[in-house]
Amino acid sequence: MTSERKPIEFLGTALSDLREFPPEVMREMGYELALVQEGDAPSDWKPMAIVGPGVKEIRVSDEDGIYRSLYVASLGSKVYVLHCFQKKSQTTPKKDIDLASKRLSALYRELRASSNKPKQKKEKQK
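In terms of this note's numbering, the numbers along the sequence shown are unbroken and rise by one, the last being 205.
The following block contains the structure:
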């Protein structure tokens, strides 16, 4: 564990989608995301290169279903949660992969634009 906890940012509807999970699943997913913020690996995860480089999937299940959160922690100083959803089958639906990819692309554009902004010069006091 690192002493520095990365802030977390939910993109699009990811936070409201997470809040629709059953309470126990939501708590478990929150715990897993906290591990990521601390620099540790979640208990059950896999890489999701199909979405983009560095994207990982946290996997939580209960008796009612399979729940996933897709995130990237390798960009800058934050953990970005791209998408949270419930799976209905063993394969990840294309619509969920596409949505996470779209949010990742928008994040890349935003980070690129913010790094290209000119730095404001401090005015000298007279």
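C-beta: ideal position from N, C-alpha, C; glycine also.
Exposure label - residue i; buried when at least 16 CB within 10 Å
i	result
Lys174	exposed
Arg188	exposed
Tyr110	exposed
Pro126	exposed
Pairwise C-alpha distance: residue j and residue i
i	j	result
Glu103	Leu190	34 Å
Val151	Leu183	9 Å
Leu119	Asn195	Going by the sequence as given, residue 119 is Asp instead of Leu. If I take the Cα positions, the gap works out to 31 Å.
Val139	Glu107	7 Å
Ile87	Pro132	18 Å
Asp141	Ser148	15 Å
Which residues DSSP lists as bridging residue i, in chain order
i	result
Lys135	Pro126 and Tyr150
Contact under 7 Å by Cβ, residue i with residue j
i	j	result
Leu178	His162	yes
Tyr146	Phe89	no
Lys157	Lys85	yes
Gly144	Gln169	no
Proximity winner among the options, relative to residue i (alpha-carbon distances)
i	options	result
Ala93	Lys167, Ser168 and Tyr159	Tyr159
Ser193	Ile137, Ile176, Ser95 and Gly155	Gly155
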